[in-house]
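Everything below concerns the one structure shown next.
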Amino acid sequence: MSAVAVETRQARIVPALGRLATFVLVIAVLWGGWEGYKWLWETTGWTWPFVVDDTTMPHIHDILNAFREPVTAGGPALIHPLLDAAWFTAKEALAGFVLGAIFGFGLAVLLVHSRLLERGLLPYVVASQTVPILAIAPMVVIGLGSKGVEGWKAVSVLAAYLTFFPVAINSIRGLKSADPRAFELMDSYAASRWSILWRLRVPASMPYLFTALKISATAAVIGAIIGETPASIQDGLGGAIVNFNQYYSLQPTALWATNIVCAALGLVLFGLVALAERLLLHRAPEHVA
Amino acid sequence: MTEAGPSVVSIQGLTKSFRTGVTALADIDLEVAPREFVSLIGPSGCGKSTLLRIIGDLVGPSSGTVRVNGKTAHQARLDHDYGIVFQDPVLFDWRTVSKNVSLPLELLGWDRARRKERVAELLHLVELTGFESSRPWQLSGGMQQRVSIARALSFDPALLLMDEPFGALDEMTRERLNLELLGIWEKSASTIVFVTHSIPEAVFLSTRVVVMSARPGRISETIDVDLPYPRNAMTHEEPRFFELVTAVREALAAGHGRHGTRDAAGTTEER
Chain A
0 MSAVAVETRQ ARIVPALGRL ATFVLVIAVL WGGWEGYKWL WETTGWTWPF VVDDTTMPHI
60 HDILNAFREP VTAGGPALIH PLLDAAWFTA KEALAGFVLG AIFGFGLAVL LVHSRLLERG
120 LLPYVVASQT VPILAIAPMV VIGLGSKGVE GWKAVSVLAA YLTFFPVAIN SIRGLKSADP
180 RAFELMDSYA ASRWSILWRL RVPASMPYLF TALKISATAA VIGAIIGETP ASIQDGLGGA
240 IVNFNQYYSL QPTALWATNI VCAALGLVLF GLVALAERLL LHRAPEHVA
Chain B
0 MTEAGPSVVS IQGLTKSFRT GVTALADIDL EVAPREFVSL IGPSGCGKST LLRIIGDLVG
60 PSSGTVRVNG KTAHQARLDH DYGIVFQDPV LFDWRTVSKN VSLPLELLGW DRARRKERVA
120 ELLHLVELTG FESSRPWQLS GGMQQRVSIA RALSFDPALL LMDEPFGALD EMTRERLNLE
180 LLGIWEKSAS TIVFVTHSIP EAVFLSTRVV VMSARPGRIS ETIDVDLPYP RNAMTHEEPR
240 FFELVTAVRE ALAAGHGRHG TRDAAGTTEE R
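Which chain is which? The protein sequence lines are A and B, in order.
The numbering of the first sequence is numbering that gives the first Met the number 0, which starts it at 0 and goes up by one.
The numbering of the second sequence is numbering that gives the first Met the number 0, which starts it at 0 and goes up by one.
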């Protein structure tokens, strides 16, 4: 028994250490690559494809330092307003993500139950994604704003707009993915459509759903950030990007620091989905991505 | 083994044609009495699986009547009169072994305590006690098929439909499961219709072997198996067993000769 326990603990720790080592290595390589490129171009004076200096490529330690320094004299360290902005954007992204996931999954459930609806609606679902979000963002924010909807809620609708599509498309596949024999089995029990949905279609679709949710997690953050910009919402990361863009030549590190926070937010949301998948999904190894 | 009484399965003048124009089954008449163990055997494409699905109302016939337990096949399905076992175990891998076995009981609305008791009984029957919370993919093929049999038996259906249930297993596992299946059948009051293409398996298990021929699928011969029960590993070595195996093989060959198309090599081409 104890031998088994030790073995399973080892089986958990060894890959965890391996993953940590890989992570450190990747960071080191990226860091080295950035600084090496900067050093080589600066010492040789090469200007192709662009001029390398502290404005175009600040030192990474300068970018990290920027978190601790105030943007305006006497103000709080940059990290504080950035975290506030990240929280604001996270709220938009999360609300949009949940909204989009529910809508996308619901749409998929509807479409798999009616071939007519699937044929009729699916082309429009696909077409909806060819409309650039930059074009519809002001319409949505202004349109909903005129109804008294708060700005962040309107932006979350835009995040939902990017989320629902991969969820709907993957869920349609997932809801149809069960073995035809499994459907026959349920028929042999004279199971209702509702039972077949809950006991067969939905659980069979879970690996597909989680794959979609992982894509959507990052897409929702992008949607929230992009949604803020044309709507002139200042409180989120989109607002921070627009703001620091204007002062880039004076303070390039602030924009780079903001980029790091944006990426981190996407990763956190992705990580939450991956964690939920691991806790909730008990499928055969070949079904788990 | 055959007892008097109304047939569990009663088929008259059944034909089945697919939309492609292929006639899968023609002129099928078959009566299966209570407590019988009937095997359907025939070459691939003779429609034996289709016949099983028609009995289970999973596929509709083109013409003819099919009655199960004196009702239409449709009504029998709605009344949960049969359990089915496929060649693949078709277990839901998001459910534990226990939960897979209790799936039909959930659909029938049994309460949790009753389900738990019944599942324990069934897992004991198929010798899987201790695997309640295992996941299907953690079990061997033979064990998975035993879970699937337990699931089919769970609500004690009068009729068990089995579609080559041991076809994907190795010979040793198949022989062991054959013995277990006979044990289960002898203890229960159920009637079994069993599709196979193994001649010894059909003879070993059945009270009656229904030999089918292909294109279109017909019943070419019915052979009563008069080997006494309980049968065991020694049954395989009895002279009467060999005689019956030979009889079934000859019936299959005759069916082939009549309806199949032989090429120069003497092998019969499928489809």
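C-beta atoms are modelled at their ideal positions from N, C-alpha and C, and glycine is treated no differently.
Since the model is a prediction, treat every value here as computed from it, not as a measurement.
- Across the stretch 188-216 of chain A, CB contacts with chain B closer than 9 Å involve Y188, A189, A190, S191, S194, R198, L199, P202, A203, M205, in sequence order along the chain.
- Scanning its chain for C-beta atoms nearer than 6 Å, with the 5 sequence neighbours on each side dropped, one finds around G166(B) the residues Q86, in chain order.
- For F193(B), the enclosing beta strand (DSSP E) covers residues 190-195.
- The beta carbon of D155(B) does not come within 8 Å of any beta carbon belonging to chain A, so the residue lies off that interface.
- Within the stretch 1-27 of chain B, no residue places its CB atom closer than 7 Å to a CB of chain A.
- Using a 10 angstroms sphere on the CB of P5(B), the tally of other CB atoms stays under 16, which defines it as exposed.
- Looking at V100(B), A23(B), E174(B), the one whose alpha-carbon comes closest to that of L127(B) is V100(B).
- The stretch 186-204 of chain B and the stretch 142-162 of chain B touch, with three or more beta-carbon pairs separated by less than 8 Å.
- Per the C-alpha coordinates, the member of F130(B), P103(B), R150(B), S97(B) positioned closest to K115(B) is S97(B).
- Taking 7 Å as the Cβ-Cβ cut-off, the stretch 108-135 of chain B approaches chain A at R134, given in chain order.
- Each of T195(B), V224(B), I222(B), K186(B) was checked against the Cα of G41(B), and the nearest Cα belongs to T195(B).
- For a cut-off of 8 Å, the C-beta gap from P229(B) to E185(B) is around 6 Å, short enough to register as a contact.
- Between G74(A) and Q250(A), the alpha-carbon positions lie close to 15 Å from each other.
- Secondary structure in the stretch 127-182 of chain B: the alpha helix (DSSP H) runs of 4 residues or longer, each lying completely within the stretch, are 140-152 in chain order.
- Between the alpha carbons of L178(B) and N231(B) lies a gap of roughly 7 Å.
- Within the stretch 51-65 of chain B, those residues whose Cβ lies closer than 7 Å to any Cβ of chain A are, in chain order, G55, L57.
- W151(A) and A94(A) have their C-alpha atoms roughly 9 Å apart.
- For V50(A), no alpha helix (DSSP H) encloses it, and the DSSP letter there is neither H nor E.
- Under the three-state reduction of DSSP, L199(A) is assigned to helix.
- Annotated as proximal: V208(B) and V247(B), with beta-carbon spacing under 8 Å.
- P215(B) sits away from A32(B), with the two beta carbons spaced by 8 Å or more.
- For the 8 Å CB-CB criterion, A256(A) and L81(A) form a contact.
- Burial state of L174(A) is buried, judged by a 10 Å Cβ sphere holding 16 or more other Cβ atoms.
- Within 7 Å of the CB of L77(B), the CB atoms of chain A belong to A189, in sequence order along the chain.
- Residue state for I232(A) is assigned as coil, using DSSP reduced to three classes.
- DSSP, reduced to helix, strand and coil, places S48(B) within a helical segment of the structure shown.
- Scanning V50(A), D53(A), D52(A), I59(A) for the CA closest to the CA of V28(A) turns up I59(A).
- Relative to D80(B), the option among F240(B), L152(B), H235(B) whose CA is nearest is L152(B).
- DSSP places Y160(A) inside the alpha helix (DSSP H), whose first and last residues are 150-174.
- With a cutoff of 8 Å on beta-carbon distance, I53(B) and A75(B) are scored as not near each other.
- For K90(A), the three-state secondary structure derived from DSSP is helix.
- With a cutoff of 8 Å on beta-carbon distance, A253(B) and S205(B) are scored as not near each other.
- E183(A) and L57(B) have their alpha carbons spaced roughly 7 Å apart.
- Sixteen is the threshold: since fewer than 16 other Cβ atoms of the shown chains lie within 10 Å of the Cβ of L116(A), the residue is exposed.
- For the set E236(B), F203(B), V21(B), R217(B), the Cα lying nearest the Cα of D225(B) is the one of F203(B).
- A218(A) counts as buried, since no fewer than 16 other beta carbons sit within 10 angstroms of its beta carbon.
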